[in-house]
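Chains as they are written, first to last, in our numbering: chain X, 1 to 362; chain V, 1001 to 1290; chain P, 2001 to 2312.
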């Protein structure tokens, strides 16, 4: 168990900058998720933490001590790889025990620990098999077990669920969460799947182009995205985002988008004027009654996901997605009136969030 | 339309017949062409001298007249026991060194980052194109000058230089196919670089290593030019050098030369029978010089 | 920061140590001799000079090249070399192509045939050259004896020791270089497996769909061969010719062991040997090696400049 601190990590591969100025603090026992699209540098960052790559700048600290000089072997971390990287020439038991063997742990102890870990993950009966005789889910468990068995200071997981099919993934996600509660270890978890990030992470780090865009609790990131990238990357369906201008009309702020107006009846926004982007999540759009201030939209398509429905509608020259209960009935072509709570609006200027709403810890 | 079709069909059938006929005669031709010299080598080595002289056109082998005397003579009177053990020594050490150096070097080129890495991986095969006949005279001169020429160990180094580029090339292309994550897992599990090579890379590369070993063994065992030029002392002769010596000294006893030829061929053919797949892979990958 | 640099440096240094032995061996036994040869070919060195310091005297001259080019046999040797190389290369490729076509496809015993066909190539050169010398021997050789016994020949043909053979076919007289032809035939026999392996691999890489499509389009087996197989093989055939040319041109062992370069089979590599150990003239020998290099360079240049373009 340990806390991890990254200070100003930079890494280049030739002319490509993979990471720049990455700062991060992961508390002892915290489940931290690095989230970002592929190629954003999150896996490189994980490799830097592990010592598999050396950074060009900055330092990695474990419990406040610099570990930059330490080899992966001496960092006392364990890693679960996307491809699992199980040793194909060893049985499951050998795979699990390999890290202990390399560290000179006595054989009897290794056996005991391997059995305990296998029991914890429910893979006791697979111990004598070779990786190629296992199913995808079983391999994933073995890969987890190989990391768990050593009880390292830090767990690094690199997209460990991405090779599982959807149903299995949901199950394993839950188990992983319970497992973390049980073993209370610091975990750094890399994924490009925002659902994984939101459900697993106690702290989510959104990355793009080798930089950290936002760090915070999942709900904070969801509710207060710092920029348009985070805003659209997190959340499904994607946040509705419109370019336009805010101007004053009879002391009220009005947003003019492409072919529509929104009244912003919120005093906190009153000071703003000029070109902005305005975002609203699907669930924050409510259906209202016809009146002069609510904009109208035309229903274009309805997608039914079972538990609810998404309505894809036309708002001026833009598209709007809104979420309605599963029993709501609409037809395509229907005109509906919407209301948007101004407090739920996200307003961005030059891509950055305008800090107006309750300021959160970042 | 219908007629045209039937003509086409007839032509198809005719051509198929011709192809079948060509194939069978062709295969027979090749079998005889390839196998006969080996057959004749063995048969002649098992015949008594008078049979060879009196009846050279007898294609069959008279079971009752099989004579192993030629083998006995070659082994014990003409020093082949010594030559064979020399050849085994030379080949085994060449194989061992080549495996170690090519594994370590191939790993470095494929996995470690250093300046000149790209240059290394290209230059390796160019080196391989230098012909032996161009290398042998300057090497002869310098080793004669240093008084090191007549040495089995110098020969081993020459063979190593001849086989290393291909061995390195083969292992490099194999290592490239191994997932890097496997090595990362090893490093995380606490291996050193050499630990990763020993415990992960080598077990996973068994087929490629087998190919390299067979290829190297074959080159070292079969090599003639350098052994012929470098070795003066019969005690140091490899078996190929020994066969040439024997052929030069006994003019009439063809069965002795044939027995020696069988002895130099058999180990290669046995290896080939058991590991054909690996050997073929080695040869196509390395495009064995020859 | 410095510790990080050290880590990069460490990886580089590790790679350096891992490659040093290989590099040293190749440097000493491949690159050094090539450079050393450049020195030797410009010096009057005889076999007797190998003990003293004469090797290192700075007395450079072009005499060795004059010696080589003024040799009345030089033109013959060059011609023999080219004939042997082109003949041997083409023959081995043609045989390899035939063998590959025969073995391609699925039938019982295919693996066995493949193995058998490769054996001339993997057998030690001394064993196969002596066996063929024995088979072709005028007195005790089985080939001559069978031909004599069956009345095909009236007197034995010394395949490897006679320069010319006069033949008369349909009243027209031919003169063929007998020993050279035998050596070329041997070259074809011994090296066809090399071409065989590569052509077979290429043949098996041609997708079956192509043949199916051609059949549907109404192509007969021969048409399929000429319109699909042959174009698909063009690249591998031209590459094979490049490799076989280079290697055959450099070949010493086979010719040396079959004929010792006698009876009109003296090629450039044999000349390299003869200068050194027949005339004890190391300088001329090195100069011949340089000539050999030069011819190869010209060939490779011509091949890539005007020859068939190869992919990859």
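No residue lacks a Cβ here, since even glycine has one placed at the ideal position from N, Cα and C.
Only a predicted model underlies this, so the values are computations on that prediction, with no experimental measurement involved.
Per the contact definition of three or more C-beta pairs closer than 8 Å, is the stretch 18-36 of chain X in contact with the stretch 202-210 of chain X?
yes
Going straight from the alpha carbon of residue 2212 of chain P to that of residue 1107 of chain V, what length do you get?
43 Å
Quick one: measure Cβ to Cβ for residue 2164 of chain P and residue 2177 of chain P, integer angstroms, because I've assumed they're closer than 8 Å.
6 Å
Determine whether the beta carbon atoms of residue 1044 of chain V and residue 1216 of chain V lie at a separation below 7 Å.
no
Is the stretch 1250-1267 of chain V touching the stretch 2074-2094 of chain P, taking contact as three or more C-beta pairs under 8 Å?
no
Could you tell me whether the Cβ of residue 1030 of chain V comes closer than 7 Å to any Cβ of chain P?
yes
Under 7 Å between C-beta atoms of residue 226 of chain X and residue 323 of chain X
no
Any C-beta of chain P under 7 Å from that of residue 1296 of chain V
Within the shown structure, residues of chain V are numbered from 1001 to 1290, placing residue 1296 of chain V beyond reach of any answer.
Taking beta-carbon pairs under 8 Å, can you tell me which members of the stretch 1035-1058 of chain V lie near chain X?
none
Give the straight-line distance between the Cα atoms of residue 315 of chain X and residue 257 of chain X, rounded to the nearest whole angstrom.
9 Å
Using a Cβ-Cβ cut-off of 7 Å, state whether residue 2161 of chain P counts as contacting chain V.
no
Residue from P:2204, P:2107, P:2063 whose Cα sits closest to the Cα of residue 2288 of chain P
P:2063
Would residue 83 of chain X pass as an interface residue toward chain V - the criterion being a Cβ-Cβ separation below 7 Å?
yes
Does any C-beta atom of chain V lie closer than 7 Å to the C-beta of residue 358 of chain X?
Reliability fails at residue 358 of chain X, whose pLDDT of 47 lies under 50, so the model's placement of it is uncertain and the value that follows must be treated cautiously. No, its Cβ sits nowhere closer than 7 Å to a Cβ of chain V.
So with CB distances below 7 Å, who are the chain A contacts of residue 98 of chain X?
Among the protein chains in the structure shown, which are X, V and P, there is no chain A.
Quick check: the stretch 303-318 of chain X against the stretch 1007-1020 of chain V, are at least 3 beta-carbon pairs closer than 8 Å?
no
Leaving aside the five residues before and after residue 100 of chain X along the sequence, list all residues of the same chain whose C-beta is less than 7 Å from its C-beta, in chain order.
110, 113, 149, 150
So, does the CB of residue 2151 of chain P fall closer than 7 Å to a CB anywhere in chain V?
no
Please specify which runs of the alpha helix (DSSP H), each continuous and at least 4 residues long, are wholly inside the stretch 1031-1097 of chain V, giving them in chain order.
1049-1054, 1069-1072
C-alpha gap between residue 177 of chain X and residue 170 of chain X, whole angstroms
11 Å
With a CB to CB cut of under 7 Å and the five nearest residues on each side skipped, what residues in its chain are close to residue 2125 of chain P?
2253, 2254, 2257
Could you tell me which of X:92, X:195, X:103 sits nearest to residue 72 of chain X, measuring between CA atoms?
X:103
Tell me the start and end of each unbroken beta strand (DSSP E) in the stretch 54-100 of chain X that is at least 3 residues and wholly inside, in chain order.
57-62, 77-80
Closer than 9 Å between beta carbons: that is the criterion. Which residues of the stretch 1194-1205 of chain V meet it against chain X?
1195, 1199, 1200, 1203, 1204
Give the interface partners of residue 1315 of chain V over in chain P, defined as CB-CB distance under 7 Å, in chain order.
Outside the shown range of chain V (1001 to 1290) lies residue 1315 of chain V, about which nothing can therefore be said.
For residue 370 of chain X and residue 190 of chain X, which I take to be in contact (beta-carbon distance under 8 Å), what is that distance rounded to the nearest angstrom?
Past the edges of chain X, shown from 1 to 362, lies residue 370 of chain X, and the structure says nothing about it.
Once you ignore the five residues that flank residue 40 of chain X on each side, which residues in its own chain have a CB closer than 6 Å to its CB?
207, 208
Alpha helix (DSSP H) runs wholly inside the stretch 2020-2048 of chain P, at least 4 long, in chain order
2032-2040
So that I know if they touch, is there some Cβ in chain X lying closer than 7 Å to that of residue 1278 of chain V?
no
Using a Cβ cut-off of 9 Å, pull out every chain V residue sitting near residue 73 of chain X, in sequence order please.
1187, 1188, 1189, 1190, 1191, 1192, 1195
Quick check on residue 198 of chain X - is its C-beta less than 7 Å from some C-beta in chain V?
no
Taking the alpha-carbon positions, what's the residue 194 of chain X to residue 33 of chain X distance?
10 Å
Looking at the C-beta of residue 1183 of chain V, does it have a partner C-beta in chain P at a distance below 7 Å?
no
Can you list the residues of chain V that residue 2080 of chain P reaches, using a CB-CB cut of under 8 Å?
Within chain V, no residue comes near residue 2080 of chain P; the closest Cβ sits about 15 Å away, beyond 8 Å.
Considering Cα atoms alone, identify which of V:1174, V:1056, V:1089, V:1244 is closest to residue 1111 of chain V.
V:1174
Going by the CB atoms, is the gap between residue 75 of chain X and residue 51 of chain X shorter than 7 Å?
yes
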